[in-house]
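Line by line, the protein sequences are chains A and B.
Residue numbers 577 to 1036, in my numbering, belong to the letters of the first sequence in order.
Residue numbers 677 to 1067, in my numbering, belong to the letters of the second sequence in order.
We treat Cβ as the ideally placed atom computed from N, Cα and C, and that holds for glycine.
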Amino acid sequence: MPFTPELAERRFGYGLSPQIAAPPSVADMLTGLRGPDVMAQTYPIPGFRYIQDQIVLVSRFSKFARKNPQTEAGAAAGEKAKTARRALFHDRQRWVVSTLQRRIDTPHAFRERLIAFWADHFTARGKSGLLRAAAPAYAEEAVRPHIGGRFADLLFACVTHPLMLHYLDQNTSAGPNSRAARRPDRRRGLNENLAREVLELHTLGVAGPYNQSDVREFAKLLTGLAGTRDHSFKFRRNMAEPGAETVLGRTYGGAPGLAPIRAVLFDLALHPATAAHIARKLAVHFVSDQPAPDLIRDLEETYLSGGGDLMQCYETLLHHPASWTNDAPNIRPPDEFVSAALRALAVAPEMMQSLIPAQIKRLMTTPMRLMGQPWHQPASPDGWPEDDSAWITPQGMAARLEWAVNTPARLRPDLPDPREFVQDVLGPIPPADVVFAARAAETRADAVGLVLCAPAFQRR
Amino acid sequence: MNHAPLTRRQMLARSGWIGCSLAASPLWTPLSLANAPWQGRLVVIILRGGMDGLDVVRPTGDPAFAALRPTLAKGDAPLDLDGYFAMHPALKDLMPLWHREELGFVHAVSTPYRDKRSHFDGQDLLEAGTQDLGGAGRDGWLNRLMQHLPQIEAETAYGIGQGTLNLLAGTAPVANWTPEAALDLSPQVLRLAEQIMQSDPQMHAALIEAQMLSDGRPGAVSTKKGPAHIQVARFAADRLRGPARIAAFSLNGWDTHRAQARMLPRSLGQLSDVITTLKQDLGAAIWSQTAVVALTEFGRTARENGTGGTDHGTAGLMMMAGGAIRGGRVFGRWPGLGEQALYQGRDLMPTDDVRAPVAWIMRGMTGLPISTLQDKVFPGLEMGADPKVVR
């Protein structure tokens, strides 16, 4: 089957919308990626700096409150800390809405899908306290600007981002012979976590040609990458391991600094094992759990010949005949399922903006957790599973059906006519059994829910 | 194990179920109970992230131990087990079980996974129960066990929680459910949903199972309180008091690369809660027939790292609890922690395959022949001599 706008929007976007035209061609999809990022401007999400500032504020007020108990000023500071804390919690909910709203409104949904894909490939999240709010900021500044560039730049941005340094414990890793490690009062040393996951998950893949010694040498090379107390980025020379390190047979460094780290990451980015790893992941995510071997091979070749230029990879992906199979082999994971449903319902921005945090939780994030995908909280650095069987579970299906029947009416009191909705959502020739079910349901809400739970909607 | 088979009436009396509405559960039939091939209950808990066995059961009697763990051993004193090993203080609530010989450990065990130290490959291999990951397919050893047991029904084994459990994947029927889930919709919607999903066998099967499992059963509502791990334990106990014989779920949070002294107690506290909740909710009679086994994908480095944590290692610890377990012992062949004894100079040396004690427990619970366990359930495993971990 060749390109069709409907299939393009389903497989590479967030599904059909009654308000937004599906992309007319592959060229148009690629142009959309090159153009200005209108959604990021329309529904802004602040960068990591904003979170840092809140953290600094909260800790200053809390510290003052602790030091001045039973005084009026102390109590006031305690209140201020509480308010700032609560504000950040509310921000977190607002950013859920912003992210969803971008997916509802965008004419270039492929861009939003790519951001979700790469943010998952480079999974990072805050492990405690206020840092839990930082995942959207990370996607905004480490992932979003680089999805159309070179993989090496994306890799460097993600691996050196303060949230990643925190998530994979790089912040506190010191070279065994660094100045920090030699200080007698405070024992410090190496932590292998980031080095290992960069090799295993972000670049070469677990079957890649590296061993424990590469992990350890790479970990030494990464020392110095660290956050400051308030988690902003800083290269800490006193923690960096002096001397050169050998990773995959190549020696880096001498003088500690960002240059050798950039060099090793760029070499890893261009490694053939990385090309194979990335090619497979793109094909599995966008096309099928069992992608055609020639699709992977062509992606791999494009990646290598283009030096990891991602636009060229997307071009190969979108032009490849194997990308346009007629069946819909992949299931939408929960956050995509919910996004696609909201897009299909064309939920108005005013409605989304009017939701209070408790409603966002009740209508969006709790249901997604029940479907198996708590918002921005994958359990481990390998991110969300791609396997359909991870999502098509009894409890997952129950949660989807419950949500699809009960939620749309709360977001669109004027629910669409199910007979039109089925066409808007599933294209001009919807499956006959879904058309029947949409007519046979007892209520409008039931009918809409059934359309959203049809395999033709849940799969892409 | 040689328990006389319980009659249905004894069973109900012991589990305190008399008076509950049995009619509410269509799968509860006299047949499935009276003919149940075994009365024991097996609970398998996968500890994801690589639990540091050396911190949980500390070889304080090993002369090399203290030097390897200069800061991790600080804080509350560990609880002495046998004069050589001492248990992490966060497990203090399990001490009564140890004294009753209902808690035991196997130390220095691992899966056959070596050298790459990837969580995800390590977990896949742990759940596949095979020698390596090549060509193993995606079925798990608990499912293969069931394929060799008679009278297996959909609710004989439960996979609990949102995450996928490859451990239970396979051709034998298994129930997958989470206590948080519900399917409270009109019969008409459910009927139509079934119809539209018929074209997609995978989705259709999941929906049918969801309907079966959410079908208003006793106990389901009362499990919905408290933190997730307690809910899971209560739900497991609820099913195991009924027709279920096997329950499996996972607990996350064992990847302690830094600040382990702060992070590990939280995870251990959860594990301890799960075990005490199971014991309490199962009741004395069923607990006496229960084996709880907790497994992790690998242990961690023998030395603590420079950030108060430990990195990915090899051999680790298996934990066992329940009345069916012959506890009060630390099993396993202790390799020592001297420089020469370590695996690759960094990890605790694996001296036994973790699958062997699990296989012996399954043999004790089900009476399956050793050859079936070695060839079919854990292909390639040498079970060796009976360590007598089951009473």
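- Contact between the stretch 923-936 of chain A and the stretch 593-609 of chain A is absent, with fewer than three C-beta pairs closer than 8 Å.
- For SER862 of chain B, the three-state secondary structure derived from DSSP is coil.
- Chain A places no beta carbon closer than 8 Å to that of TRP930 of chain B, leaving this residue out of the contacts.
- Between VAL1010 of chain A and chain B, the shortest Cβ-Cβ separation is below 8 Å.
- Residue state for PHE781 of chain B is assigned as strand, using DSSP reduced to three classes.
- Cβ contact annotation for THR983 of chain B (same chain, cutoff 6 Å, sequence separation greater than five): ARG934, in chain order.
- According to the DSSP secondary-structure assignment, TRP694 of chain A is paired through a beta bridge with no residue.
- In this structure, GLY726 of chain B sits near HIS795 of chain B, with a CB-CB distance shorter than 8 Å.
- In this structure, the beta-carbon distance from LEU846 of chain A to VAL823 of chain A does not fall below 8 Å.
- For ARG915 of chain B, none of the residues of chain A pass the 9 Å Cβ criterion, the least Cβ distance being about 14 Å.
- Put simply, the stretch 810-824 of chain B touches the stretch 838-858 of chain B. At least three CB pairs are less than 8 Å apart.
- Remark: C-beta atoms of VAL732 of chain B and LEU993 of chain B approach each other more closely than 8 Å.
- The alpha carbon of GLY737 of chain B has as its nearest neighbour, out of B:LEU723, B:PHE761 and B:LEU748, the alpha carbon of B:PHE761.
- In the same chain as PRO941 of chain B, and ignoring 5 residues on each side of it, the C-beta atoms closer than 6 Å to its own belong to ALA766, in chain order.
- By the C-beta criterion, the stretch 1015-1034 of chain B is judged to be in contact with the stretch 966-977 of chain B, since at least 3 inter-stretch pairs fall below 8 Å.
- Of A:ALA966, A:THR941, A:ALA692 and A:GLN935, the smallest CA-CA separation from GLY839 of chain B is found for A:ALA966.
- Counting of Cβ neighbours within 10 angstroms places GLN866 of chain A among the exposed residues, the total staying below 16.
- With respect to GLU912 of chain A, TYR626 of chain A sits apart: the two C-beta atoms are not nearer than 8 Å.
- For the options A:PRO612, A:GLN677 and A:ALA710, the alpha carbon positioned closest to that of PHE665 of chain A is the one of A:ALA710.
- Three or more beta-carbon pairs drawn from the stretch 852-871 of chain B and the stretch 975-985 of chain A are found closer than 8 Å, and the two stretches are therefore classed as touching.
- Within a 10 Å sphere around the beta-carbon of THR659 of chain A sit fewer than 16 other beta-carbons, which makes this residue exposed.
- Sorting A:VAL1024, A:PRO989, A:ALA718 and A:LEU739 by C-alpha distance to the C-alpha of GLY702 of chain A places A:LEU739 at the top.
- Between ILE922 of chain B and ALA833 of chain B, the gap from beta carbon to beta carbon is short of 8 Å.
- When secondary structure is reduced to three states using DSSP, GLU1058 of chain B falls in the coil class, being assigned neither helix nor strand.
- The C-beta distance from ARG1031 of chain B to GLY780 of chain B rounds to 17 Å, too long to meet the 8 Å contact threshold.
- Rounded to whole angstroms, the Cβ separation of ILE1001 of chain B and VAL1066 of chain B is 7 Å, and the two are in contact under 8 Å.
- For the set A:ARG610, A:ASP903 and A:LEU780, the Cα lying nearest the Cα of THR850 of chain A is the one of A:LEU780.
- By the Cβ rule, the stretch 766-773 of chain A counts as touching the stretch 738-755 of chain A, because three or more pairs are nearer than 8 Å.
- Inter-residue distance for ALA881 of chain B and ALA970 of chain B is about 30 Å (C-alpha atoms, whole angstroms).
- Excluding five sequence positions before and after SER638 of chain A, the CB atoms of its chain that fall closer than 6 Å to its own CB belong to ALA657, given in chain order.
- Nearest CB-CB separation between ASP987 of chain B and chain A: below the 8 Å threshold.
- Straight-line measurement puts the Cα of PHE693 of chain A at about 13 Å from the Cα of PRO712 of chain A.
- DSSP, read as helix, strand or coil, puts HIS764 of chain B in coil.
- Within the DSSP bridge table, the entry for THR977 of chain B names B:ASP1023 as partners.
- When only Cα atoms are considered, ALA795 of chain A and LEU766 of chain A end up about 7 Å apart.
- Taking all protein chains in view, the Cβ of ASP791 of chain B is surrounded by fewer than 16 other Cβ atoms within 10 Å, so the residue is classified as exposed.
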